[in-house]
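There are 6 protein chains.
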Amino acid sequence: MKLSARNVLSGTVSEVTKGQTTARVKITLPGGSVITASITNEAVDALELKVGDEASAIVKASDVIVGKA
Amino acid sequence: MKLSARNVLSGTVSEVTKGQTTARVKITLPGGSVITASITNEAVDALELKVGDEASAIVKASDVIVGKA
Amino acid sequence: MKLSARNVLSGTVSEVTKGQTTARVKITLPGGSVITASITNEAVDALELKVGDEASAIVKASDVIVGKA
Amino acid sequence: MKLSARNVLSGTVSEVTKGQTTARVKITLPGGSVITASITNEAVDALELKVGDEASAIVKASDVIVGKA
Amino acid sequence: MKLSARNVLSGTVSEVTKGQTTARVKITLPGGSVITASITNEAVDALELKVGDEASAIVKASDVIVGKA
Amino acid sequence: MKLSARNVLSGTVSEVTKGQTTARVKITLPGGSVITASITNEAVDALELKVGDEASAIVKASDVIVGKA
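Protein chains in written order, with the UniProt record's numbering: chain U, 1 to 69; chain H, 1 to 69; chain P, 1 to 69; chain W, 1 to 69; chain R, 1 to 69; chain F, 1 to 69.
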């Protein structure tokens, strides 16, 4: 499936921490940057996410804030 | 100012396109990935954003979707 | 690709209206409900979205507000 | 109160699961589709949400991603 | 209708600027702060929003970033 | 750093409640309004957020819904 979301960053899952309803997942990009996602525990189970998986961090353009020093 | 947003990706502004109220801004990361942001025209003016500026793409963890092939 | 987003509603594209940078897309669900999405013009082009296409409206659980009368 | 959010889907609460700060609420639509929302525990209490309640899932157009097979 | 969104700030509409698909609306709070919203033109029409209207700015807790100097 | 986010409301942290992965933080504005934010526990630690801190609630214009009675 192709997505309208403009930002799809591929990497490797480097952490999966489940809370009671919400989980924290980290995806390390090839350059070493790390993207943190808060997703539902249900999603972790549905995708069977675990450390070492290839995965993508997907972000809609309207959810990106720009900062300038 | 330090931000609670977990994802701050630094790069260089590679495109600024203004519409009537909303602008599209692209930030190219060091590794070559490109992040697209939809922000208000007002923000483009307030930050005086232009191609070549150093800038950051900031994303809250709860706005990241995880995809797995 | 499987997505962490918990809400994927399948339907048919019933409107595509492009602005200068942002487009409005409507997806009609089988039951007749209509979902409105604001996405970038770029996304409309990349997905070659047009009326009559089968498409899905995807929403992260953290972006859903609950209302009660 | 009328809302600018373009998507208001009415249904019946079919699950309420509270975590330590965040709750998962499911709303089943008349056609059988299920919408999952992550909201604060505080909101669950303030709305006295429970299974069987009539409720709406409200989503802003800018939070909808479009997918196409 | 009661909403799960934890932040409802009441004020007066002080600007309505429509673009081709997206509008910018400003709501001035009693203390003088101004909240800017990007909403669809359709929503402006549906709510018949105009300068001087009493209106609320509604924000989900998961959409708030915290900054600390 | 200057931010594209149009809404930056300054106040004082009046509550910090951590869950297992997600925390609830409240910021009281000078006029007495209270903004609730759901952020990651990691962010609470990184910013060393505690009651009494001066802090800002930052919201992107596209995340604001407008309501009219």
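For glycine and all other residues, C-beta sits at the position ideal for the given N, C-alpha and C.
Problem set entry | Rounded separation between T28/F and D63/H - CA only | Cα to Cα, T28/F sits roughly 24 Å from D63/H.
Exercise. What residues of chain W sit near K18/U, judged by a beta carbon separation below 8 Å?
Worked result: The contacting residues do not exist; K18/U stays about 10 Å from chain W at best.
Problem set entry | Which of helix, strand or coil DSSP assigns to L47/P | Looking at L47/P - three-state DSSP - the assignment turns out to be helix.
For this session: Would you mind working out which of A69/U, A61/U, A46/U and A37/U sits nearest S14/U, comparing C-alpha positions?
Result: Comparing C-alpha distances from S14/U to each of A69/U, A61/U, A46/U and A37/U shows the shortest one belongs to A37/U.
For this session: Enumerate in chain order the residues of its own chain whose CB-to-CB distance from T21/P is below 8 Å, with the five nearest sequence positions on each side excluded.
Result: Cβ neighbours of T21/P beyond the five flanking positions: T40 and N41.
Problem set entry | Per-residue contacts from T40/H into chain U (C-beta, under 9 Å) | Listed along chain U is no residue with a C-beta nearer than 9 Å to that of T40/H; the closest approach is about 10 Å.
Problem set entry | Nonlocal neighbours in the same chain, by C-beta distance under 7 Å from G52/P, ignoring five residues either side | Result list for G52/P: T12 and V13, in chain order.
Exercise. What's the C-alpha gap between G61/R and P30/U?
Worked result: For the sequence presented, residue 61/R should be read as Ala rather than Gly. The alpha-carbon atoms of A61/R and P30/U are separated by roughly 32 Å.
For this session: Starting from the beta carbon of S62/H, find every residue of chain U whose beta carbon is closer than 7 Å, and list them in chain order.
Result: Listed along chain U, the residues sitting closer than 7 Å to S62/H by beta-carbon distance are S38.
For this session: Take A43/U as the anchor and find which of S33/U, I35/U and G19/U has the nearest alpha-carbon.
Result: Of all alpha-carbon atoms in S33/U, I35/U and G19/U, the one lying nearest the alpha-carbon of A43/U is that of G19/U.
Exercise. Beta carbon of V16/P, beta carbon of V8/P: below 7 Å?
Worked result: In this structure, V16/P keeps its C-beta atom at 7 Å or more from the C-beta atom of V8/P.
For this session: Could you tell me whether the Cβ of S4/H comes closer than 7 Å to any Cβ of chain R?
Result: Yes, because at least one Cβ of chain R sits closer than 7 Å to the Cβ of S4/H.
Exercise. Would I35/W pass as a contact of A57/W if the rule is Cβ separation under 7 Å?
Worked result: Closer than 7 Å, so yes.
Exercise. Per DSSP, A37/F is paired with what?
Worked result: BP columns for A37/F point to V25/F.
For this session: Could you tell me whether the Cβ of residue 70/U comes closer than 7 Å to any Cβ of chain F?
Result: This structure does not reach residue 70/U, given that chain U is present from 1 up to 69, and the question cannot be answered.
Problem set entry | Coil, strand or helix - S4/W by DSSP | Here DSSP, grouped into helix, strand and coil, assigns S4/W to coil.
Exercise. Taking the alpha-carbon positions, what's the S33/U to I65/H distance?
Worked result: Roughly 17 Å separates the two Cα atoms.
For this session: Could you name the residues of the segment 20 to 37 of chain H whose beta carbon sits closer than 9 Å to any beta carbon of chain P, in the order they occur along the chain?
Result: Within the segment 20 to 37 of chain H, the qualifying residues are Q20, T21, T22, A23, R24 and T36.
Exercise. Using the beta-carbon of each residue, which ones in chain P are nearer than 9 Å to A43/H?
Worked result: Residues of chain P passing the Cβ test: none, with the nearest at roughly 13 Å.
For this session: Compute the Euclidean distance between the alpha carbons of E48/W and E54/W, then round it to the nearest angstrom.
Result: So the alpha carbons of these two residues sit roughly 12 Å apart.
Problem set entry | chain B contact for S33/P (CB, 7 Å cutoff) | In summary, chain B is missing from the structure at hand, where the protein chains are U, H, P, W, R and F.
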